[in-house]
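These notes are about the structure you will find just below.
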Amino acid sequence: LNAIIGFTGTLLMELPGPLNPEQARQLRTVQQSGKHLITIINDLLDLAKIESGAVQLSLESIDAVQVVQSVMTSLQPLADAKGLTLTGDIPDTSFMVYSDTRALGQILINLVNNAIKFTDAGTVTVSLHRDYQGKRCITVSDTGPGIAPQDLDRIFRAFERGLVASAGQHEGTGLGLHICQKLAELMRARIVVDTSLEVGSSFSVVFDEEAI
Numbered sequence: 005l006n007a008i009i010g011f012t013g014t015l016l017m018e019l020p021g022p023l024n025p026e027q028a029r030q031l032r033t034v035q036q037s038g039k040h041l042i043t044i045i046n047d048l049l050d051l052a053k054i055e056s057g058a059v060q061l062s063l064e065s066i067d068a069v070q071v072v073q074s075v076m077t078s079l080q081p082l083a084d085a086k087g088l089t090l091t092g093d094i095p096d097t098s099f100m101v102y103s104d105t106r107a108l109g110q111i112l113i114n115l116v117n118n119a120i121k122f123t124d125a126g127t128v129t130v131s132l133h134r135d136y137q138g139k140r141c142i143t144v145s146d147t148g149p150g151i152a153p154q155d156l157d158r159i160f161r162a163f164e165r166g167l168v169a170s171a172g173q174h175e176g177t178g179l180g181l182h183i184c185q186k187l188a189e190l191m192r193a194r195i196v197v198d199t200s201l202e203v204g205s206s207f208s209v210v211f212d213e214e215a216i
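The sequence shown begins at 5 in this note's numbering and counts up one residue at a time.
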């Protein structure tokens with residue numbers, strides 16, 4: 005699949021020679037389908053590793069500011085392509101959490117990517133703060149369509165998707181949030197949702213243990 009995607013990109017750059025509009029359209033379809041299949045395969049492999057107990061996390065005190073900034077930088081082009089504002093409410097000082105750098109990055113990439121994917125206009129915000137219980141949180145908020153109450157129990161199940169996601173305009177495997185919640189549990193955290201239809205949604209990674 006990587007070879008197919010790579011050679012398709014080379015053809016679309018017209019390095020071997022010019023393309024007519026129909027050839028370019030069909031090659032873009034091949035490229036998009038290849039990327040979608042890569043996502044499915046990676047999600048299935050991640051889920052298989054988690055379920056088999058093969059995922060080994062290195063839990064330690066890390067600065068979440070650096071992880072958040074890295075995620076936002078990598079996903080900024082996606083927000084720009086949709087005309088969305090991707091912003092961060094990030095403290096000037098460090099924000100230490102007890103976590104695994106790679107797993108936390110994977111969770112945040114998924115949450116921010118979902119926020120961008122399902123938001124057609126407005127803002128996606130990543131904030132670092134403490135909740136009403138004093139627990140450290142990283143929250144990804146959007147101004148998207150929100151999630152129906154009957155879908156809240158389903159969205160974290162494997163291969164389940166909400167009504168908006170299942171409507172056909174958004175590709176996905178129904179595994180992203182399930183994997184995120186599993187990874188969060190492995191690093192002694194959890195993901196909670198606050199949502200309102202036609203207003204937006206907020207997904208928060210809540211750290212139940214303080215960084216040492």
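Every residue gets a Cβ at the ideal spot worked out from N, C-alpha and C, and that includes glycine.
In terms of alpha-carbon separation, which member of Y102, A68, G38, L90 lies closest to D124?
Scanning Y102, A68, G38, L90 for the CA closest to the CA of D124 turns up L90.
According to DSSP, L237 sits in a beta bridge with which residue or residues?
Outside the shown range of the chain (5 to 216) lies residue 237, about which nothing can therefore be said.
Just to confirm my understanding: we take F160, look at its own chain, exclude 5 residues before and 5 after, and list those with CB closer than 6 Å. What are they?
L181, H182, Q185
Quick one: Cα of A83 to Cα of V59, how far?
Rounded to the nearest angstrom, the two C-alpha atoms are 31 Å apart.
Among F122, V69, L31, which has the Cα closest to the Cα of Q86?
According to the sequence as given, residue 86 is Lys; it is not Gln. The option with the nearest alpha carbon to K86 is F122.
Am I right that V72 and K139 are in contact with their C-beta atoms under 8 Å? What's the rounded C-beta distance?
17 Å between Cβ atoms; not a contact.
Can you give, in chain order, each stretch of the beta strand (DSSP E) that sits fully within the segment 69-127 and has at least 3 residues?
89-93, 100-103
Does the Cβ-Cβ distance between S208 and V196 come in under 8 Å?
yes
Just to confirm my understanding: we take L41, look at its own chain, exclude 5 residues before and 5 after, and list those with CB closer than 7 Å. What are they?
L5
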